[in-house]
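In our numbering, the protein residues as written are -19 to 220.
See below for the structure under consideration.
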């Protein structure tokens, strides 16, 4: 895919492996990505990656592409009880932010790291259509094991920052997603149905280094685990 449209590309970016891989692939394909956009959910989210999104600032600095941070409006749980309606509501601040971006020629396209979620992808497609933009989603409907292997082969350093699935205990928090971890995830997929890429929310990640980054992200953190789910709590972070 080559960049033939007028305007600039915007990459939806959390700092996790899926959005980072989508961005990397877009840059490799020559798309003119001039803006990263990170949404910081107010709490649990159907649409967005949740933990450690504040570290997207360091990642964007390392990558060298400006970052726009979006803070969705809080809304009470009893205001939106339908999952679909909540997804639509969560999308509104993102779409508004994209419309306000000052890019020469406007938004030519949106890069997204969706893998299997029709719930997310259909809504992002809707935003792209309303903006008259293309959508580049290089992970969509791809084999998860092949995707994970491609990330590792490209030199991505991926850390697990949250877990919420059977078989994923506190020892996984902060663990590097390497070939050994991938083999274990494949076993957990067979035993418990854990998605190899954590697509069902089984785990969340942070890319701390990769070929698209000039400097690595270094972390100090503590782990918090309640016996079922947990996450890292970053106490310090910097570029190496």
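From the three backbone atoms N, C-alpha and C, an ideal C-beta is built for every residue, glycine too.
Helix, strand or coil: how does DSSP classify residue 146 here?
The count along the chain shown starts at 1 and reaches residue 146 at position 166. Reduced to three states, the DSSP call for residue 146 is coil.
For residue 120 and residue 0, what's the separation of their Cα atoms in angstroms?
As a working note, residue 120 is residue 140 in the chain shown. As a working note, residue 0 is residue 20 in the chain shown. Each residue's Cα considered, the two are about 14 Å apart.
Excluding five sequence neighbours on each side, which residues of the same chain lie with their C-beta closer than 8 Å to the C-beta of residue 88?
Taking the first residue of the chain shown as 1, we reach residue 88 at position 108. Taken in chain order, the residues that qualify are -17, -15, -14, -13, -12, -11, 12, 113 and 114.
The alpha helix (DSSP H) spanning residue 106 covers which residue range?
Residue 106 sits at position 126 when you count from the first residue of the chain shown. For residue 106, the enclosing alpha helix (DSSP H) begins and ends at 98 to 111.
With residue 200 and residue 215 assumed to form a contact (beta carbons below 8 Å), what rounded beta-carbon distance in angstroms separates them?
In the chain shown, the residue the question calls residue 200 occupies position 220. In the chain shown, the residue the question calls residue 215 occupies position 235. Contact flag correct, Cβ pair sits at about 5 Å.
Please list the terminal residues of the continuous beta strand (DSSP E) segment that includes residue 213.
For the purposes of this step, residue 213 is taken as the residue at position 233 of the chain shown. First-last of the beta strand (DSSP E) with residue 213: 210 to 219.
Pick from 132, 84 and 136: whose alpha carbon is nearest that of residue 253?
Here the chain has residues from -19 to 220 only, and residue 253 is not among them.
Can residue 142 and residue 172 be called in contact, C-beta distance under 7 Å?
Counting from 1 along the chain shown, the entry for residue 142 is found at position 162. Counting from 1 along the chain shown, the entry for residue 172 is found at position 192. Taking 7 Å as the Cβ cut-off, residue 142 and residue 172 do not qualify as a contacting pair.
Quick one: what's residue 15 bridged to in DSSP?
For this step, residue 15 is matched to residue 35 along the chain shown. -10.
With DSSP as the reference, label residue 202 as helix, strand or coil.
Counting from one through the chain shown, the residue named residue 202 turns up at place 222. The three-state secondary structure of residue 202, taken from DSSP, is strand.
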